[in-house]
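What follows is a set of notes on a single structure, which appears directly below.
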Amino acid sequence: MALSIANKALVGAVSTVALSGVTYGVYSQFSTTSDIREALIKASKTPLDLDATTGEDFEHWQELAKQHHSNKPAGKTKIVGLNLTSDNDINGLKEKCKLLLETKIGHADYEKNLSVAESWCTKENAPRKIATLLGNKDRVLLKNDSTDNWDTQWQAFKKKYETENPSGNWEIAGWDRLKREPSVATEFKTKCITNSGGSLMPNTENTFLKEIEDYCTKPKG
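Under UniProt numbering, the sequence shown has 4 at position 4, and the numbering climbs by one with no breaks.
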């Protein structure tokens, strides 16, 4: 049976001591000095830098704040009592994460706070900008100007929706007319720009990301 993060942390603290009477002392010392930050690190999670104002961690804070402020953060439960004022209320989230990460083992809300901190205060659970995910695949977004050739992507999109109307994220008004256009439609470019401006959770198979890669990007370099 898989161990929880809390149990992994405790096992890590006492596993080097096997003598009767000593184990309890080590456990007791660990339980009074260790906090959620240390437990997450022991579980190979990376708490975000609370002081970050630039760089990768700051970008993660931006995306997490935006996700928390949204009405339905995908796959997550909002932090109870935390009402961010806007998508940009990074400080509000940082302040809450600071309290969560400082929660000591033995606190009445330790297990609950540990789960919340893992979801909202770690690098591994921060959404990534779609442009960043595409960059990791050595792809870059096509530019909405005359410097990039969209013909290949436009033809691929038209072939995909030759007998049906694009829907959901790819819905385009007037498709019956536009699909007969030989040159790339402005509406298609606009849809690519809109779709590529969001964020997705990392390390997940995502059809939407693959579609953006196929229709809206070119090889990097």
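For glycine and all other residues, C-beta sits at the position ideal for the given N, C-alpha and C.
Review point. What residue range is occupied by the uninterrupted alpha helix (DSSP H) comprising arginine 37?
Key: 36-42
Exercise for review: Could you check the C-alpha separation between leucine 101 and leucine 209 for me, to the nearest Å?
Suggested key: One C-alpha to the other measures close to 32 Å.
Exercise for review: For the beta strand (DSSP E) holding leucine 141, just list the boundary residues, first then last.
Suggested key: It spans 139-141 - the beta strand (DSSP E) in which leucine 141 sits, taken as one unbroken run.
Review point. Quick one, which of Met201, Leu99, Lys143 and Asn71 has its alpha-carbon nearest lysine 191's?
Key: Lys143
Check your understanding: Between the region 86-94 and the region 62-75, are three or more C-beta pairs nearer than 8 Å?
Key -> Cβ pair count under 8 Å is three or more, so yes.
Exercise for review: Starting from threonine 217, trace the alpha helix (DSSP H) both ways and give me its first and last residue.
Suggested key: Careful: threonine 217 lies outside any alpha helix (DSSP H), inside the beta strand (DSSP E) at 217-219.
Check your understanding: Got a sec? Which residues, its chain only, sit under 7 Å from leucine 40 by beta carbon, not counting five neighbours each side?
Key -> Same-chain partners within the cutoff: Ile5, Pro47, Ala117, Glu118 and Thr122.
Check your understanding: Roughly how many angstroms lie between the CA atoms of glycine 75 and asparagine 206, to the nearest whole one?
Key -> 14 Å
Point to revise | Given lysine 189 as reference, the closest of Glu56, Ile212, Ala126 and Gly168 once Cα atoms are compared | key: Measuring C-alpha to C-alpha distances from lysine 189 to each of Glu56, Ile212, Ala126 and Gly168 identifies Ile212 as the nearest.
Point to revise | Contact under 9 Å by Cβ, cysteine 97 with leucine 50 | key: yes
Review point. Three or more C-beta pairs closer than 8 Å, one from the region 175-182 and one from the region 154-162: is that the case here?
Key: yes
**Study point:** Backbone secondary structure at serine 196 - three-state DSSP
**Key:** coil
**Study point:** Under the three-state DSSP convention, the category threonine 186 falls into
**Key:** helix
Practice item. Return the chain-ordered list of same chain residues with a C-beta closer than 6 Å to the C-beta of glycine 81, the five sequence neighbours on each side being excluded. Key: none
**Study point:** Buried versus exposed call for lysine 158 [16 or more other C-beta atoms within 10 Å across all chains shown]
**Key:** buried
Review point. Excluding sequence positions up to five away, which residues of its chain have a Cβ less than 6 Å from the Cβ of serine 146?
Key: none
Check your understanding: Taking contact to mean at least 3 C-beta pairs separated by less than 8 Å, is the region 191-201 in contact with the region 124-139?
Key -> yes
Practice item. Let me know the secondary structure DSSP gives arginine 180 once reduced to three states. Key: coil
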